[in-house]
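Participant:
Protein chains: 4
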Amino acid sequence: MQLGIIGLGRMGGNIARRLMLNGHTTVVFDRNTDFVSALEQEGATGVTDLPALVAGLAKPRAVWVMLPSGAPTEDTIETLSQLLDADDIIIDGGNTFYKDDIRRSQALAEKGIQYVDVGTSGGVWGLERGYCMMIGGDTGVVTHLDPLFAALAPGMGDIARTKDRVSDDDRAERGYIHAGPAGAGHFVKMVHNGIEYGLMQAYAEGFNLMKMKGGENLPEDQRFDLNLGDIAEVWRRGSVVSSWLLDLTADALATDAPLDGYSGAVADSGEGRWTIEAAMEQSTPVPVLSNALFARYSSRQQSLYGDKLLSAMRFGFGGHVETPKK
Amino acid sequence: MQLGIIGLGRMGGNIARRLMLNGHTTVVFDRNTDFVSALEQEGATGVTDLPALVAGLAKPRAVWVMLPSGAPTEDTIETLSQLLDADDIIIDGGNTFYKDDIRRSQALAEKGIQYVDVGTSGGVWGLERGYCMMIGGDTGVVTHLDPLFAALAPGMGDIARTKDRVSDDDRAERGYIHAGPAGAGHFVKMVHNGIEYGLMQAYAEGFNLMKMKGGENLPEDQRFDLNLGDIAEVWRRGSVVSSWLLDLTADALATDAPLDGYSGAVADSGEGRWTIEAAMEQSTPVPVLSNALFARYSSRQQSLYGDKLLSAMRFGFGGHVETPKK
Amino acid sequence: MQLGIIGLGRMGGNIARRLMLNGHTTVVFDRNTDFVSALEQEGATGVTDLPALVAGLAKPRAVWVMLPSGAPTEDTIETLSQLLDADDIIIDGGNTFYKDDIRRSQALAEKGIQYVDVGTSGGVWGLERGYCMMIGGDTGVVTHLDPLFAALAPGMGDIARTKDRVSDDDRAERGYIHAGPAGAGHFVKMVHNGIEYGLMQAYAEGFNLMKMKGGENLPEDQRFDLNLGDIAEVWRRGSVVSSWLLDLTADALATDAPLDGYSGAVADSGEGRWTIEAAMEQSTPVPVLSNALFARYSSRQQSLYGDKLLSAMRFGFGGHVETPKK
Amino acid sequence: MQLGIIGLGRMGGNIARRLMLNGHTTVVFDRNTDFVSALEQEGATGVTDLPALVAGLAKPRAVWVMLPSGAPTEDTIETLSQLLDADDIIIDGGNTFYKDDIRRSQALAEKGIQYVDVGTSGGVWGLERGYCMMIGGDTGVVTHLDPLFAALAPGMGDIARTKDRVSDDDRAERGYIHAGPAGAGHFVKMVHNGIEYGLMQAYAEGFNLMKMKGGENLPEDQRFDLNLGDIAEVWRRGSVVSSWLLDLTADALATDAPLDGYSGAVADSGEGRWTIEAAMEQSTPVPVLSNALFARYSSRQQSLYGDKLLSAMRFGFGGHVETPKK
């Protein structure tokens with residue numbers, strides 16, 4: 001099958017590669033011509049602008065947009081919508097807010113253009129392990145694109161099958177699902193990332209606690225000097241908290257136990273925040289997901305005005321003078 | 001009435017003063033002889049050690065211990081227990097953990113010594129405004145000491161009476177209560193401080209938000225440059241969030257709106273933590289009180305090992321390199 | 001001065017009354033003609049539709065819209081924008097999202113119509129105590145309307161002045177501020193309500209803790225049977241946590257200590273949620289304000305699917321069978 | 001090697017079985033004689049009281065106590081301490097608070113008895129998968145017991161080795177670690193469980209959000225009817241959130257997608273709470289771990305007095321009447 005791909009960064013480039021390794025053909029574009037050249041050498045057809053990309057594809061065309069969410073994706077899809085014909089397909093594989101998918105899908109439908117949103121997890125490991133995909137869109141078009149999704153997905157591999165699972169649809173077991181109409185793919189991916197933040201913060205708090213158990217906040221006779229690398233390792237083996245994130249933790253601790261190579265100023269992308277917004281729309285509590293997000297904000301901030309206000313109040317009612325932070 | 005007072009710091013010294021201003025007599029001790037001398041000049045009888053203090057009091061003696069909680073209070077009460085006689089009274093006016101009160105009360109009861117715990121709120125303002133007191137102990141001894149509590153308490157003053165309040169006991173309206181048996185006074189004071197942390201953090205988060213609304217985390221056309229001093233002032237006037245803590249906030253902002261004079265490394269004492277422990281004993285959720293406490297921990301910390309672990313995981317699954325915090 | 005008022009519910013009706021008590025004249029409209037009649041008897045000019053309201057006002061007209069936020073307010077302002085002339089003024093005194101104010105202000109400016117947003121705190125007490133107001137809009141029009149704001153505000157009253165406060169602008173001390181351009185008034189009011197949620201939840205958690213200290217979650221010898229009404233009362237007198245919300249708490253406990261008359265299914269309006277959204281836009285943590293909001297969500301929910309998932313996981317790894325909640 | 005085992009419930013019984021399957025011999029006791037009989041038929045030596053158990057073991061004796069933490073474990077160890085001789089070994093494999101380990105270890109050391117604490121993860125799956133163990137105690141005795149730990153641990157199995165891991169000690173890779181002195185084993189296990197609560201709650205909040213996306217809290221045109229079983233399944237395949245807990249989730253959803261068979265009144269044991277206490281001792285924030293614990297408290301509670309107080313305050317300031325929860 002043939003796919004146009006726009007955006008050849010870490011994700012887009014490897015998606016092209018994994019498709020070609022599985023016998024599909026790609027027409028690729030990126031503003032960075034080095035990325036295009038690299039993929040041409042691996043068998044892709046490189047083009048220098050969007051009209052050329054559209055011209056290079058057979059109808060019904062399928063174009064996968066793999067760009068940063070927000071303006072880059074929005075503008076590209078706007079341009080494509082003017083170049084494509086009815087029955088062509090735009091796939092947004094980035095981290096778009098699901099309500100933007102719904103809006104775009106409705107606007108493109110007026111031109112007869114199909115819109116598919118694909119939440120993609122797998123990061124730098126996707127080329128090798130395959131991409132876990134959550135797909136939103138009409139059933140017809142999702143079915144039409146199935147050969148591409150099947151090639152990108154991890155497949156069953158050697159992961160143990162879920163006991164008692166009965167389903168006519170084995171796509172989930174092969175690593176991708178058709179989650180629902182346009183937007184549903186990115187919605188599920190958004191929640192996935194919200195959960196991811198919560199999981200990561202749970203490990204972070206636990207390992208932080210064990211690290212500090214050896215430290216100066218405690219009297220000397222209450223300390224344990226724990227080997228965190230060994231702890232991460234042993235928990236990978238039969239414990240309730242084993243996970244891929246724990247595998248990564250064990251990896252990181254095996255090479256740099258004090259983690260001195262990491263800044264600890266933790267970025268967050270839109271998904272974490274949108275998850276909290278979705279929860280508020282539903283009036284449902286998400287204390288762990290929200291506090292995981294806030295911990296990232298705190299990690300990036302040297303000091304808060306609000307903390308100074310606490311100091312000021314304490315001075316006001318108790319004459320307390322706060323000493324500067326260590 | 002006559003009272004022995006041990007510990008003449010900010011709280012103990014002013015308690016002595018307020019009692020003397022109301023016609024009571026005091027026998028006072030502090031390791032810092034300057035503090036003793038100062039109070040002698042205001043009419044107190046100063047002594048140089050605990051035996052002298054005990055010798056200077058008429059039976060049944062009443063001794064108010066106003067020392068830092070933990071060892072200083074514990075050791076002093078232990079010493080007193082050997083110097084005092086049956087029917088004498090030890091009053092702990094500090095910030096003792098209420099379970100220590102229960103333990104001490106039982107131990108002292110074997111010698112016939114009475115134990116009273118007094119949770120005292122009022123800080124540096126107590127001399128002028130009076131102390132709000134929550135008292136634990138047997139009814140007989142609390143009644144016996146009533147003249148002292150009445151003198152220390154703020155009294156009705158010009159605070160509006162609570163509509164529909166009907167009670168045979170007007171002590172609450174005069175600013176002190178007999179909360180229950182030994183420990184109950186400090187338990188109520190503990191919860192008071194837990195609430196205090198929550199209230200303070202609510203204001204801190206709100207003012208922080210308004211401060212940052214003028215700042216660089218936002219695009220220029222989304223900013224408001226708000227006058228926080230005026231906002232605190234106007235909220236004092238008819239708004240739902242008016243409070244004494246807001247009065248203090250308005251005060252602080254009137255003199256130092258950027259709060260540059262405050263470190264923002266916010267201390268916490270035992271009460272906040274004990275409140276969380278009490279909630280866990282009861283299996284009842286306290287998300288706001290606990291997060292208010294944790295915000296203070298965060299305010300004192302330059303960086304967390306756990307944050308570095310988050311960076312390390314993000315690098316592991318996505319190749320993300322975190323930039324250092326600003 | 002003359003003011004048109006649309007919406008004569010609890011807030012709008014009393015605003016009209018307080019203005020008339022202070023010598024201003026009002027032209028009033030509500031879909032409920034009983035409300036209109038009631039105010040006519042108190043001196044207002046009642047009208048039966050918006051064109052009549054506009055016709056009854058002298059230029060430059062000023063119209064205060066006091067309706068539920070969302071569609072009722074939006075539609076009314078849309079209609080007014082077609083009836084009013086350049087230099088007329090629309091005032092939104094409801095709980096509008098501040099970004100809607102900015103949008104409306106820009107749209108109305110094209111017709112030369114002025115837009116002012118007024119965040120109003122005071123609730124059912126405003127008629128008597130006055131309204132605390134946070135105002136957004138151009139300086140010229142806010143100044144023009146000053147006589148109205150001055151009449152609605154509480155004034156200095158007998159609230160102690162803030163020590164060291166120095167300002168050329170005494171409006172804050174009289175209970176209203178010009179916070180900034182359009183939207184700034186509702187932004188400050190939004191944060192006010194966010195703080196309000198946090199304060200309320202802090203008290204709720206603390207009193208809950210004290211209530212449960214007497215209950216069955218604890219062994220009998222660890223219980224205290226505390227008089228919560230007395231505790232609320234005593235804290236009003238010199239304690240750090242005294243506030244208007246505590247006054248209300250004391251009131252409620254004085255008449256119904258078990259609070260059996262209250263459902264405990266706590267509603268929330270947009271402001272709490274918007275405050276969290278604003279914090280996420282600024283990447284600043286608001287753990288207390290968000291958890292206060294989530295506690296309200298929890299209070300309204302019988303059970304969560306997520307909780308069942310926890311039970312299912314516990315059964316999965318440990319064979320634990322959860323008993324139903326009490 | 002020979003081991004005495006006290007407590008033959010789900011954990012203790014299977015520990016005995018796994019040891020015998022690996023060529024070790026056991027002398028077993030439980031108050032429930034059926035449990036003893038069952039193990040006798042599988043090759044164990046059953047006894048009817050503790051003296052008989054001690055008599056049946058060769059010196060230096062090793063006795064594994066696998067009982068509920070608290071009184072059952074404490075009393076049994078107290079009894080054993082009177083029956084055992086110097087150089088004998090008591091192993092506590094239960095969920096003891098680590099400070100109790102430290103205390104016991106010191107007390108037993110006076111009699112020359114060795115004390116080892118083993119935090120054991122693996123639950124009902126341990127017999128088949130092996131137990132992940134975190135061990136505290138003196139190096140000599142932990143080394144002496146190594147054959148037992150090696151037999152109980154999962155071993156390397158087919159879990160991928162951690163890249164770059166370099167260590168002289170391969171015990172972590174085989175599924176057990178010597179964490180440090182007495183108490184260190186249970187400390188690490190405690191943090192393990194704290195993390196477990198956080199991970200579980202992250203999944204619970206995310207799945208709850210996806211479930212409610214199909215439900216009545218949202219307008220019909222904003223709903224997605226998501227297949228949660230498929231989502232859990234697909235996330236197992238190459239996504240960042242894959243984990244053993246997710247495997248269990250997929251399992252549960254495969255057989256009972258509405259989870260109607262689960263009560264959702266989620267229990268918690270001591271470890272979650274102790275983890276929060278440990279964090280407070282270290283003055284380090286654990287917002288996610290604590291909120292995960294509190295979510296369990298909430299899951300078990302029909303209503304909170306504190307929620308009624310919120311209703312009461314809202315009625316007080318705004319005349320709001322709350323409707324009962326659905």
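Residue numbers (this note's numbering), protein chains in the order written: chain A, 1 to 326; chain B, 1 to 326; chain C, 1 to 326; chain D, 1 to 326.
Ideal Cβ positions, reconstructed from N, Cα and C, are used throughout, including at glycine.
1) Once the 5 residues before and after D/R129 are set aside, which same chain residues still bring their CB inside 6 Å of it?
2) Beta carbon of D/N217, beta carbon of A/S303: below 7 Å?
3) For C/I91, which beta-bridge partners are listed by DSSP?
4) By a C-beta neighbour count over all protein chains shown, 10 Å radius and 16 as the cutoff for buried, is D/P287 buried or exposed?
5) Can you tell me whether D/G180 is buried or exposed? The criterion is at least 16 other CB atoms within 10 Å of its CB, across all chains shown.
6) Of the residues that make up the region 190–211 of chain D, which ones have a beta carbon closer than 7 Å to any beta carbon in chain A?
7) Measuring only the C-alpha atoms, how far is A/A204 from B/G119?
8) Using beta carbons (cut-off 7 Å, strictly below), is C/V288 in contact with chain B?
9) Whole beta strand (DSSP E) runs in the region 154–224 of chain C with 3 or more residues, listed along the chain?
10) Nearest to B/G206 by alpha carbon, out of C/N208, C/M210, C/G198?
11) Using a Cβ-Cβ cut-off of 6 Å (strictly less than) and excluding sequence neighbours within five positions of D/N14, which residues of its own chain qualify?
12) CA-CA distance, B/A332 and B/Y131?
13) Indicate, with yes or no, if the ligand ADP has a heavy atom lying under 6 Å from the CB of D/S299.
14) Output, in chain order, the set of chain D residues within a Cβ distance shorter than 7 Å of B/P68.
15) In whole angstroms, give me the CA-to-CA distance for C/R61 and C/T76.
16) Does any residue of chain A bring its CB to less than 7 Å from the CB of D/G137?
17) Over the uninterrupted beta strand (DSSP E) stretch that includes B/F29, give me the two end residues.
18) Pull out every residue of the region 163–177 of chain A whose Cβ sits closer than 7 Å to any Cβ of chain B, in chain order.
19) Could you round the C-beta distance between A/H186 and A/D101 to whole angstroms and report it? I think they count as a contact, below 8 Å.
20) So, at 7 Å on beta carbons, what are the nonlocal neighbours of D/L148 in its own chain, with the 5 sequence-adjacent residues on each side left out?
21) Please go through the same chain and pick out, in chain order, the residues whose beta-carbon is closer than 8 Å to the beta-carbon of A/K326, but skip the five residues on each side of it.
22) Which two residues bound the contiguous beta strand (DSSP E) that contains D/Q2?
23) Below 7 Å between beta carbons: does that hold for A/W64 and A/I91?
24) DSSP on A/T96, reduced to helix/strand/coil?
25) Counting pairs of beta carbons, one from the region 164–179 of chain A and one from the region 213–229 of chain D, are three or more of them closer than 8 Å?
26) Starting from B/G136, trace the beta strand (DSSP E) in both directions and tell me its first and last residue.
27) At the 7 Å Cβ level, is D/N291 part of the contact set with chain B, yes or no?
28) Check the Cβ of B/M134 against every Cβ in chain C and list those closer than 8 Å, keeping chain order.
29) Name, please, each residue of chain A whose Cβ falls closer than 7 Å to the Cβ of D/S37.
30) Of all Cβ atoms in chain C, is any one closer than 7 Å to the Cβ of B/R103?
31) Can you tell me which of the three DSSP states C/T73 falls into?
32) According to a CB-to-CB cut-off of less than 7 Å, which residues of the region 136–161 of chain D neighbour chain B?
33) Hey, out of B/V28, B/K59, B/M280, whose CA is closest to B/A44's CA?
34) Taking the continuous alpha helix (DSSP H) assigned at D/Y297, which residues delimit it?
35) Report yes if the C-beta distance between B/G7 and B/M66 is below 7 Å; otherwise report no.
Facilitator: In this structure, then:
1) As a position in the fourth sequence, residue 129 of chain D is number 129, starting the count at 1. Counting only Cβ-Cβ distances below 6 Å, and skipping sequence neighbours, we find P154.
2) In the fourth sequence, counting from the first residue as 1, residue 217 of chain D sits at position 217. In the first sequence, counting from the first residue as 1, residue 303 of chain A sits at position 303. No, the pair does not count as a contact, with Cβ atoms beyond the cut-off.
3) By 1-based counting over the third sequence, the position of residue 91 of chain C is 91. C/W64, C/V116.
4) As a working note, residue 287 of chain D is residue 287 in the fourth sequence. Buried.
5) Counting from 1 along the fourth sequence, the entry for residue 180 of chain D is found at position 180. Buried, since its Cβ has 16 or more Cβ neighbours within 10 Å.
6) V191, H192, G194, I195, E196, G198, L199, Q201, A202, Y203, E205, G206, N208, L209, M210
7) For the purposes of this step, residue 204 of chain A is taken as residue 204 along the first sequence, with counting starting at 1. For the purposes of this step, residue 119 of chain B is taken as residue 119 along the second sequence, with counting starting at 1. Rounded to the nearest angstrom, the two C-alpha atoms are 37 Å apart.
8) In the third sequence, the residue the question calls residue 288 of chain C occupies position 288. For C/V288, the answer is yes, since a Cβ of chain B falls inside 7 Å of its Cβ.
9) 176–180
10) Mapped onto the second sequence, residue 206 of chain B falls at position 206. Looking at the Cα atoms, C/G198 is the closest of the given residues.
11) Locating residue 14 of chain D in the fourth sequence gives position 14, where the first residue counts as 1. Hits under 6 Å: G126, L127.
12) Any question about residue 332 of chain B goes unanswered here, given that chain B covers just 1 to 326.
13) For the structure depicted, the ligand ADP is absent and the ligand set is empty, with no information on it obtainable.
14) Here the question's residue 68 of chain B lines up with position 68 in the second sequence. Within chain D, no residue comes near B/P68; the closest Cβ sits about 18 Å away, beyond 7 Å.
15) Numbered from 1 along the third sequence, position 61 holds the residue referred to as residue 61 of chain C. Numbered from 1 along the third sequence, position 76 holds the residue referred to as residue 76 of chain C. One C-alpha to the other measures close to 16 Å.
16) Locating residue 137 of chain D in the fourth sequence gives position 137, where the first residue counts as 1. False, the Cβ-Cβ gap to chain A never drops below 7 Å.
17) Counting from 1 along the second sequence, the entry for residue 29 of chain B is found at position 29. Note, B/F29: beta strand (DSSP E), 25–29.
18) none
19) Stepping through the first sequence from its first residue, residue 186 of chain A is reached at position 186. Stepping through the first sequence from its first residue, residue 101 of chain A is reached at position 101. Correct: roughly 5 Å between the Cβ atoms.
20) Stepping through the fourth sequence from its first residue, residue 148 of chain D is reached at position 148. Here the set comprises M1, L3, L19, H24.
21) The residue you call residue 326 of chain A lines up with position 326 of the first sequence. Residue placement at A/K326 cannot be trusted, given a pLDDT of 48 that sits under 50; what the coordinates show is reported in the next sentence. Around A/K326: no qualifying Cβ.
22) As a working note, residue 2 of chain D is residue 2 in the fourth sequence. Start and end: 2–6.
23) The residue you call residue 64 of chain A lines up with position 64 of the first sequence. The residue you call residue 91 of chain A lines up with position 91 of the first sequence. A contact, by the Cβ cut-off of 7 Å.
24) By 1-based counting over the first sequence, the position of residue 96 of chain A is 96. A/T96: coil per DSSP, three-state reduction.
25) yes
26) The residue labelled residue 136 of chain B in the question sits at position 136 within the second sequence. From DSSP, the beta strand (DSSP E) with B/G136 extends over 132–136.
27) Here residue 291 of chain D refers to the residue found at position 291 of the fourth sequence. It does: the Cβ of D/N291 has a partner Cβ on chain B nearer than 7 Å.
28) To locate residue 134 of chain B, count along the second sequence from 1; it is residue 134. Per Cβ cutoff of 8 Å: I231, V234.
29) The residue labelled residue 37 of chain D in the question sits at position 37 within the fourth sequence. Result: empty, since nearest Cβ-Cβ is about 29 Å, beyond 7 Å.
30) In the second sequence, counting from the first residue as 1, residue 103 of chain B sits at position 103. Not one chain C Cβ lies under 7 Å of B/R103.
31) Within the third sequence, residue 73 of chain C is the residue found at index 73, counting from 1. DSSP places C/T73 in helix when its eight states are reduced to three.
32) none
33) Walking along the second sequence from the start, residue 44 of chain B turns up at place 44. Considering only alpha carbons, the answer is B/V28.
34) Counting from one through the fourth sequence, the residue named residue 297 of chain D turns up at place 297. Run containing D/Y297: 287–299, per the alpha helix (DSSP H) assignment.
35) Position 7 of the second sequence, counting from 1, holds the residue named residue 7 of chain B. Position 66 of the second sequence, counting from 1, holds the residue named residue 66 of chain B. Yes.
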